[in-house]
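K.L.:
Below you'll find the structure I mean.
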Amino acid sequence: MDAEDDLFRPPPKRPYQPVEAQLRIPAEGLRATLALLQRAGQLESGLFWYGPRDAVGNGQVQYIAAPRQRMSWGNYHVSPAALAEIVHRLPDGWKPLAQVHSRPGQRVEHSNYDDKMLSSRRALSLVFPFYGRTNTVFPQGVGIHEWQIDCWYLLDDNLAARRVIVAEGPLTVEDLR
């Protein structure tokens with residue numbers, strides 16, 4: 007990060023418009039997400055949730071991958087080659103459903119850096135505080151962001167709980183770091 011501008015960004019110009027689509031993740035997937043983030047220690051790290059998405063936008067997380075990446079206390083970077091390594095493992099039709107990363111403190115709002123580094127605007131972006139060492143009931147305290155109207159919106163806890171649901175389902179987890 008080169009400047010304070012990389013940390014803070016202006017608020018959205020228009021209000022968020024709630025959507026009906028839901029992203030479902032198995033409880034095992036949520037536990038695996040936290041374990042992967044915590045495994046990085048005191049470094050920010052990123053991972054991706056993939057799976058099928060239906061015609062109205064509902065997604066089911068079935069694959070969680072932590073790609074090869076450069077990690078530091080305040081950010082992480084996944085190269086295009088490392089992302090391609092994951093994408094080439096996916097079954098036909100599976101989509102990126104969420105990009106997930108950790109933060110050192112409790113701030114879970116996107117930075118300008120986060121906005122620039124996201125791999126897809128069609129996926130949600132989740133930010134877990136305290137390097138994934140959280141003791142709240144998901145999704146409380148987790149920054150769940152959705153791209154809409156040319157901006158990443160941080161959903162409040164009520165909207166986040168309607169947008170990302172913990173449910174049962176098959177899951178594969180890989181740590182390629």
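Start counting the sequence shown at 7; every next residue gets the next number (our numbering).
In this text, a Cβ means the ideal position worked out from N, Cα and C, and glycines have one as well.
1. For residue 160, which beta-bridge partners are listed by DSSP?
2. Per DSSP, residue 181 forms a beta bridge with which residues?
3. Tell me the rounded alpha-carbon separation between residue 73 and residue 21.
4. When you compare only the Cα positions, how much space is there between residue 78 and residue 101?
5. Is the stretch 84-100 touching the stretch 126-141, taking contact as three or more C-beta pairs under 8 Å?
6. Pick out whichever of 177, 167, 173 has its Cα sitting closest to the Cα of residue 25.
7. Any idea if residue 68 is buried or exposed, counting beta-carbon neighbours within 10 angstroms, 16 or more meaning buried?
8. Can you give me the C-alpha to C-alpha distance between residue 9 and residue 114, rounded to a whole angstrom?
9. Taking C-beta to C-beta, are residue 64 and residue 104 nearer than 8 Å?
10. Using C-beta distances below 7 Å, list every residue in its chain close to residue 150, excluding the 5 sequence neighbours before and after it, in chain order.
11. Between residue 11 and residue 17, what straight-line distance do the alpha-carbon atoms span, to the nearest angstrom?
12. Along the alpha helix (DSSP H) that carries residue 45, what are the first and last residues, could you check?
13. Looking only at C-alpha atoms, which of 175, 108, 180, 179 sits nearest to residue 33?
14. Taking C-beta to C-beta, are residue 107 and residue 50 nearer than 8 Å?
15. Can you name, in chain order, every residue of its own chain whose Cβ lies under 6 Å from the Cβ of residue 40, other than the five neighbours on each side?
16. Please determine whether the Cβ atom of residue 132 lies at a distance below 7 Å from any heavy atom of the ligand ADP.
P.N.:
In this structure, then:
1. On the sequence shown, position 154 is the one that residue 160 refers to. Note: residue 160 sits in a beta bridge opposite 151.
2. Residue numbering aside, residue 181 sits at position 175 when the sequence shown is read from its first letter. Note: residue 181 sits in a beta bridge opposite 72.
3. The count along the sequence shown starts at 1 and reaches residue 73 at position 67. The count along the sequence shown starts at 1 and reaches residue 21 at position 15. Those two C-alpha atoms are separated by around 34 Å.
4. Along the sequence shown, read from residue 1 onward, the residue named residue 78 stands at position 72. Along the sequence shown, read from residue 1 onward, the residue named residue 101 stands at position 95. Each residue's Cα considered, the two are about 28 Å apart.
5. no
6. Taking the sequence shown and counting its residues from 1, one reaches residue 25 at position 19. Checked all of 177, 167, 173; the closest Cα to residue 25 is 167.
7. As a first step, residue 68 must be located in the sequence shown, where it is residue number 62. By the 10 Å Cβ count, residue 68 comes out buried.
8. If you number the sequence shown from 1, residue 9 lands on position 3. If you number the sequence shown from 1, residue 114 lands on position 108. Any reading at residue 9 needs caution, since the residue's pLDDT is 46, under 50, leaving its predicted position unreliable; the model's value is listed next. Each residue's alpha carbon lies about 19 Å from the other.
9. Along the sequence shown, read from residue 1 onward, the residue named residue 64 stands at position 58. Along the sequence shown, read from residue 1 onward, the residue named residue 104 stands at position 98. No, the Cβ-Cβ distance between residue 64 and residue 104 is not below 8 Å.
10. Counting from one through the sequence shown, the residue named residue 150 turns up at place 144. The answer, listed in chain order, is 130, 132, 161, 166, 169, 170.
11. The residue you call residue 11 lines up with position 5 of the sequence shown. The residue you call residue 17 lines up with position 11 of the sequence shown. Only weak support exists for where residue 11 lies, its pLDDT of 46 falling under 50; the value from the coordinates is given anyway. If you take the alpha carbons of residue 11 and residue 17, they lie about 13 Å apart.
12. As a position in the sequence shown, residue 45 is number 39, starting the count at 1. Taken as a continuous stretch (DSSP letters only), the alpha helix (DSSP H) holding residue 45 covers 33-45.
13. Taking the sequence shown and counting its residues from 1, the one referred to as residue 33 is at position 27. For the residues 175, 108, 180, 179, the minimum Cα distance to residue 33 belongs to 175.
14. Looking up residue 107 in the sequence shown gives position 101. Looking up residue 50 in the sequence shown gives position 44. Contact: yes.
15. Numbered from its first residue, the sequence shown carries residue 40 at position 34. Hits under 6 Å: 138.
16. Although the ligand ADP was asked about, the structure shown includes no ligands whatsoever.
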